[in-house]
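Heads up: the sequence lines are chains A and B, in that order.
To convert, note that position 17 of the first sequence is 18 in the numbering used here; the numbers rise steadily by one, no gaps.
To convert, note that position 152 of the second sequence is 153 in the numbering used here; the numbers rise steadily by one, no gaps.
In what follows, a structure is listed as structure tokens, so that the remarks can point back to it.
Protein chains: 2
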Amino acid sequence: MARAGLTAERLIHAGAELADEVGFAQVTVSALARRFDVQVASLYSHVKSSAELKTGIALFALAELADRVTEALAGRAGKDALFAFANAYRDYAREHPGRFAAAKHPLDAETAAASAGPRHAQLTRALLRAYDLDEPDQTHAVRLLGGVFQGFVTLELAGGFAHSSPDAQQSWDWSIGALDALLRNHAKTDGE
Amino acid sequence: MARAGLTAERLIHAGAELADEVGFAQVTVSALARRFDVQVASLYSHVKSSAELKTGIALFALAELADRVTEALAGRAGKDALFAFANAYRDYAREHPGRFAAAKHPLDAETAAASAGPRHAQLTRALLRAYDLDEPDQTHAVRLLGGVFQGFVTLELAGGFAHSSPDAQQSWDWSIGALDALLRNHAKTDGE
DNA sequence: ATATCTACCTAAAGACATTAGGCAAATAAG
DNA sequence: CTTATTTGCCTAATGTCTTTAGGTAGATAT
Numbered sequence: 002m003a004r005a006g007l008t009a010e011r012l013i014h015a016g017a018e019l020a021d022e023v024g025f026a027q028v029t030v031s032a033l034a035r036r037f038d039v040q041v042a043s044l045y046s047h048v049k050s051s052a053e054l055k056t057g058i059a060l061f062a063l064a065e066l067a068d069r070v071t072e073a074l075a076g077r078a079g080k081d082a083l084f085a086f087a088n089a090y091r092d093y094a095r096e097h098p099g100r101f102a103a104a105k106h107p108l109d110a111e112t113a114a115a116s117a118g119p120r121h122a123q124l125t126r127a128l129l130r131a132y133d134l135d136e137p138d139q140t141h142a143v144r145l146l147g148g149v150f151q152g153f154v155t156l157e158l159a160g161g162f163a164h165s166s167p168d169a170q171q172s173w174d175w176s177i178g179a180l181d182a183l184l185r186n187h188a189k190t191d192g193e
Numbered sequence: 002m003a004r005a006g007l008t009a010e011r012l013i014h015a016g017a018e019l020a021d022e023v024g025f026a027q028v029t030v031s032a033l034a035r036r037f038d039v040q041v042a043s044l045y046s047h048v049k050s051s052a053e054l055k056t057g058i059a060l061f062a063l064a065e066l067a068d069r070v071t072e073a074l075a076g077r078a079g080k081d082a083l084f085a086f087a088n089a090y091r092d093y094a095r096e097h098p099g100r101f102a103a104a105k106h107p108l109d110a111e112t113a114a115a116s117a118g119p120r121h122a123q124l125t126r127a128l129l130r131a132y133d134l135d136e137p138d139q140t141h142a143v144r145l146l147g148g149v150f151q152g153f154v155t156l157e158l159a160g161g162f163a164h165s166s167p168d169a170q171q172s173w174d175w176s177i178g179a180l181d182a183l184l185r186n187h188a189k190t191d192g193e
């Protein structure tokens, strides 16, 4: 029999595609084996376990998303950069809902530290440079923005804003615009 | 043999407790049967399926959370109400991480409409009354707040802010305070 | 006390995860 | 080019979870 040519990378990538098609929760070793037309046990030469496979997909998605954001941020600053970051994030989630779900997959501390997670934080700090925030405000802002992006997009993808007007796009633009104003108001030593 | 006295309600409640102990994803019909010391198949007289059980826990958690928020909001308005709402939400998630995860469980449109989800939106609108926003700004604000609460708390619970200073509490207070300012700036016909 | 109902049971089948051990295809050594 | 070695994929088997079908005994009504 001809070999299928499996590798951990191909499995993770196919797992990401499968996640976008059927949902991250439905990504199983068995489904992946069917997709490659091999026996289930064969995958275990390349991934240690189902958990490791899902972690691999999570790391892949986090890195891909960070790449997108990096590209979106290039040559921009201030409000322009904020919108570019936010839209890159949201667009990725809408194009790749399964990978986005994977990116939210919990990682143990060690894995998280080696993931693209810290890169996301760095990208946010780069974006915030134009807003000229003191510490610890900058860290607060990193967390607020992370929360808004992830939370809003998650709710939108879950259908939370469907069947009601105005459409989600408008609320998104309004929210990011409001955050821009919020950040400008907090520049440097500015209280309350 | 003495009967265990199972009912759908007891199963859902026990499922919520189990979720807090071992994680919502680990709540299974089997684990619940072990907890009640009955055979697995016995549960199927009370719940149609594993999916229905999880949906039941999700609805329970959403309602419980809405109750908490309702209580927190009583007699408060403006910034005070905003902090009360936000803290009730976050405290619930920290006290009941499994139920909080359950509350994020995707529901089909019909179930979602009959859930406490719309009540959450109404509570947010009640909170926003003091900020005197025009439509569609009020809807935008409902969505922004929903996103921030859910996103920030999810990231915090996932350990995203661990091992770094300042602690999450400070970022939370800063963020909610900043949102209060944001909302005040957008009162009525206020552009930019 | 008998009849009905139903809560919980046993039994069985199907899906997924995982491990152990085997064969054949790719690769390296002669 | 042949032989030796590695290793990619296979078969087989076990355990867990979900779900359905049909039975029994304990609760409830007559």
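The beta carbon of each residue, even a glycine, is placed where N, CA and C say it ideally should be.
These numbers come from a predicted model, not from an experiment.
Beta-carbon proximity of residue i to residue j, cut-off 8 Å
i, j, result
"L63/B", "A104/B", "yes"
"P183/B", "A117/A", "Before going on, a small fix: residue 183/B reads as Leu here, not Pro. For L183/B and A117/A, no; Cβs fall outside 8 Å."
"L33/A", "A52/A", "no"
"L7/B", "S43/B", "yes"
"V149/A", "G152/B", "yes"
"H47/B", "L19/B", "no"
"A179/B", "H121/A", "no"
"A82/A", "L128/A", "yes"
"P137/B", "P167/A", "yes"
"L66/A", "Y90/A", "yes"
"G99/A", "A17/A", "yes"
"T125/A", "V143/A", "yes"
"V39/B", "S31/B", "no"
"A94/B", "F25/B", "no"
"G79/B", "A131/B", "yes"
"I177/A", "A115/A", "no"
Interface partners of residue i on chain B, CB under 7 Å
i, result
"N186/A", "A182"
"T140/A", "P167, S172"
Interface partners of residue i on chain A, CB under 9 Å
i, result
"T125/B", "Per Cβ cutoff of 9 Å: no residues; T125/B is ~12 Å from chain A at best."
"P137/B", "S166, P167, Q171, S172, W175"
Under 8 Å by beta carbon: chain A residues contacting residue i
i, result
"L1/B", "No answer is possible for residue 1/B: it lies beyond the span of chain B, which begins at 2 and ends at 193."
"L156/B", "R144, G147, G148, Q151"
Residue i burial status per 10 Å Cβ neighbour count (16 or more: buried)
i, result
"D191/B", "Residue placement at D191/B is poorly supported in this model, since its pLDDT is 46, which falls under 50; the coordinates are not used for a value here."
"E22/A", "exposed"
"K55/B", "buried"
"E96/A", "exposed"
"G76/A", "exposed"
"E193/B", "With a pLDDT of 44 at E193/B, under the threshold of 50, the modelled position of that residue is not reliable, and no figure is offered here."
"H141/B", "buried"
"E72/A", "exposed"
"G161/B", "buried"
"L156/B", "buried"
"A169/B", "buried"
"A110/B", "exposed"
"S172/B", "buried"
"A85/B", "buried"
"A113/B", "buried"
Limits of the unbroken alpha helix (DSSP H) element including residue i
i, result
"Y255/A", "There is no way to answer for residue 255/A, as the model of chain A reaches only from 2 to 193."
"S176/A", "169-186"
"V23/A", "9-23"
"S225/B", "A query on residue 225/B cannot be resolved here, the shown segment of chain B reaching from 2 to 193 and no further."
"R126/A", "118-129"
"E157/A", "138-158"
"F162/A", "Counting along the chain, F162/A falls outside any alpha helix (DSSP H), and DSSP gives it neither H nor E."
"L33/A", "30-37"
"A110/A", "110-115"
Residues that residue i contacts on chain B, provided the C-beta gap is smaller than 8 Å
i, result
"F162/A", "R144"
"A110/A", "G160, A163, H164"
Contact list for residue i against chain A, beta-carbon separation under 7 Å
i, result
"A159/B", "P107"
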